[in-house]
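Enquirer: Reading the sequence shown from the start, the letters are residues 1 to 215 in full-length UniProt numbering.
Quick reminder that beta carbons are idealized off the backbone N, C-alpha and C, glycines included.
Values in this document were obtained by computation on a predicted structure and should not be read as measured data.
Okay, handing you the structure first.
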Amino acid sequence: MAVVRPKVTDDGVWHFFDGALQTYFVSADKDSFTSGQIFRAKDPHSGVGRSSTATPPYHIHLYQTETFDVKEGTLCYLIDGKEGKLQAGQRVNIPPYRPHTFWSDPESGKDLRVHITVRGGPNPGFDEDFVHNFYGYLSSRTMAGKGPNPFQMLRFLDDADVILVPPLPFSGLWRGVGLLWPIGRAINIVFGRIIGGWILGFPTRYKQFDDEVSK
Numbered sequence: 001m002a003v004v005r006p007k008v009t010d011d012g013v014w015h016f017f018d019g020a021l022q023t024y025f026v027s028a029d030k031d032s033f034t035s036g037q038i039f040r041a042k043d044p045h046s047g048v049g050r051s052s053t054a055t056p057p058y059h060i061h062l063y064q065t066e067t068f069d070v071k072e073g074t075l076c077y078l079i080d081g082k083e084g085k086l087q088a089g090q091r092v093n094i095p096p097y098r099p100h101t102f103w104s105d106p107e108s109g110k111d112l113r114v115h116i117t118v119r120g121g122p123n124p125g126f127d128e129d130f131v132h133n134f135y136g137y138l139s140s141r142t143m144a145g146k147g148p149n150p151f152q153m154l155r156f157l158d159d160a161d162v163i164l165v166p167p168l169p170f171s172g173l174w175r176g177v178g179l180l181w182p183i184g185r186a187i188n189i190v191f192g193r194i195i196g197g198w199i200l201g202f203p204t205r206y207k208q209f210d211d212e213v214s215k
């Protein structure tokens, strides 16, 4: 199935899942990148809690420190197994190797607007291209009534130095002995890079999600 480019407005806002998730460029330099993201309240793709389609998987960044800076609404997070909430004006820093995810608080009834900044690392990692391609592909498949191909998703994550937290029994023990992240890394390399990229030919970038197309 061919991927479909989402709506991109003249002010550079990308509308994924028919506008349930909107992203826009905030700033970037050689050391950091900031993405603005708006999660629409009460929408099944963005406003029904952790089960929302647009909720990032529970993951770590190998090299980048990530900051959530809430501008409007309420952000719920799971960081290192602990849940919490951030209100407008609050922020949290998440260093590399700390597992995390976040979602819009469905109880607030308000849209969540958050600036997400990543810093550091030898590679771009989580950048504007990653945001457009990861969510562009997921949105395209979802709105067509299809599920995403797991090899493609792992291909994106491997390229961005992002590792899913493996749902292993006794994961705390695996982490305690330093094996949880090597297992997650191996999953990325074997299933994302080798099978997804080298064998199945899934790309890390689609021309449909190239920012230059809209210029």
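By the 10 Å Cβ neighbour count, where 16 or more other Cβ atoms means buried, how is residue 199 classified, buried or exposed?
Expert: By the neighbour-count rule (16 or more Cβ atoms within 10 Å), residue 199 is not buried but exposed.
Enquirer: What alpha helix (DSSP H) runs, 4 residues minimum, are completely inside the region 125–174?
Expert: Counting whole runs of 4 or more residues, the region 125–174 contains the alpha helix (DSSP H) stretches 128–143 and 150–159.
Enquirer: Figure out for me which residue from 5, 61 and 41 has the closest Cα to the Cα of residue 188.
Expert: Among 5, 61 and 41, the Cα nearest to that of residue 188 is on 61.
Enquirer: Can we say the region 148–161 touches the region 98–118, given the rule of at least three CB pairs closer than 8 Å?
Expert: Touching, no, given that fewer than three Cβ pairs across the two stretches are closer than 8 Å.
Enquirer: Touching or not, the region 6–23 and the region 68–83, by the rule of three or more beta carbon pairs under 8 Å?
Expert: Counting Cβ pairs under 8 Å, fewer than three are found: no touch.
Enquirer: Look at the alpha carbon of residue 54 and the alpha carbon of residue 104, and state the distance between them as a whole number of angstroms.
Expert: Going from the Cα of residue 54 to the Cα of residue 104 covers about 10 Å.
Enquirer: Report the rounded CA-to-CA distance for residue 141 versus residue 11, giving the unit in angstroms.
Expert: Cα-Cα distance, rounded: 25 Å.
Enquirer: Rounded to the nearest angstrom, how far is the Cβ of residue 206 from that of residue 137, given a contact under 8 Å?
Expert: Confirmed, about 7 Å.
Enquirer: Is the Cβ-Cβ distance between residue 115 and residue 68 less than 9 Å?
Expert: Against a cut-off of 9 Å, the Cβ pair of residue 68 and residue 115 comes out as a contact.
Enquirer: Within 10 Å of its beta-carbon, does residue 66 have 16 or more other beta-carbons around it, so buried, or fewer, so exposed?
Expert: So residue 66 ends up on the buried side.
Enquirer: Is the beta carbon of residue 152 less than 9 Å from the beta carbon of residue 202?
Expert: Cβ distance < 9 Å, so residue 152 and residue 202 count as in contact.
Enquirer: Tell me whether residue 215 sits in a helix, a strand or coil according to DSSP, three-state version.
Expert: For residue 215, the predicted structure reports a pLDDT of 45, less than 50, and the residue's modelled location is therefore unreliable. The matter cannot be settled from this model.
Enquirer: Which class does residue 35 belong to by DSSP, given the choice of helix, strand or coil?
Expert: DSSP places residue 35 in strand when its eight states are reduced to three.
Enquirer: Measuring CB to CB, does residue 130 end up less than 9 Å from residue 160?
Expert: Cβ atoms of residue 130 and residue 160: closer than 9 Å.
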